[in-house]
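Report on one structure; see the data block that follows.
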Amino acid sequence: MAAPMRFLTRRTCPQICHRILGCVNVQVANYAKAKVPAFKGAKDLTSEKPKGPSIETDPAVLTTQCCGANIYKDGSDPPLRPDEEYPDWLWKLHLGPAATLDDLEPGTKKYFKRLRKENIWADNARRKGKKFSVQAPPARKYE
2 MAAPMRFLTR RTCPQICHRI LGCVNVQVAN YAKAKVPAFK GAKDLTSEKP KGPSIETDPA
62 VLTTQCCGAN IYKDGSDPPL RPDEEYPDWL WKLHLGPAAT LDDLEPGTKK YFKRLRKENI
122 WADNARRKGK KFSVQAPPAR KYE
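For the sequence shown, my numbering begins at 2 and goes up steadily by one.
Next up, the structure:
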């Protein structure tokens, strides 16, 4: 019993804990400091919501300018040109809904891309546990 008593009398409490437990790590929660305004009357910049682009409703401007095409801070939208100055492919663009498998010709590249996409959709719906319905039947086999 004499040896443990000498051990306790010679060392301080932190030294004893360090010797017994080894390296002791303590978790500390560091919280963010309270926000302090820089000067009196300063606005909180985080409370301002970003403004979206303004929507033009004037019919005269809509028929003469390409609204929203200006990418610079200063300047105006470019004016619309006559139809003859634009390329022919611009007027042939398909702007409606995507073509279904029934509308596409079997064996073409577009057909197989659409078939693969619909099979992926059907597989994702099956894995999620939902019923899948599309205009064409899901999970068709390659022909």
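Idealized CB from N, CA, C, for every residue including glycine.
Nothing here was measured: the structure is a model prediction, and the numbers come from that model.
Where does residue i sit, in a helix, a strand or coil, going by DSSP?
i, result
"proline 80", "strand"
"lysine 129", "helix"
Look at the Cβ atom of residue i, then the Cβ atom of residue j, and state whether they are nearer than 9 angstroms.
i, j, result
"proline 79", "cysteine 67", "yes"
"leucine 81", "threonine 64", "yes"
"alanine 100", "lysine 111", "yes"
"glutamate 57", "glycine 76", "no"
Might you give, ordered along the chain, the residues of its own chain that have their beta carbon closer than 7 angstroms to the beta carbon of residue i, omitting 5 neighbours on each side?
i, result
"glutamate 85", "none"
"proline 98", "none"
Would you please state the rounded distance, in angstroms, between the beta carbons of residue i and residue j? I believe it to be under 8 angstroms.
i, j, result
"leucine 96", "arginine 115", "Not a contact, Cβ separation roughly 18 angstroms."
From residue i to residue j, what does the alpha carbon distance come to, in whole angstroms?
i, j, result
"alanine 33", "lysine 50", "23 angstroms"
"arginine 117", "tyrosine 73", "41 angstroms"
"glutamate 119", "leucine 94", "23 angstroms"
"isoleucine 121", "aspartate 89", "35 angstroms"
"glycine 108", "arginine 128", "28 angstroms"
"alanine 61", "tyrosine 87", "21 angstroms"
For residue i, which residues from the same chain have a beta carbon less than 8 angstroms from its beta carbon, with the 5 sequence-adjacent residues on both sides left out?
i, result
"leucine 105", "Lys111, Tyr112, Arg115"
"proline 83", "none"
"lysine 52", "none"
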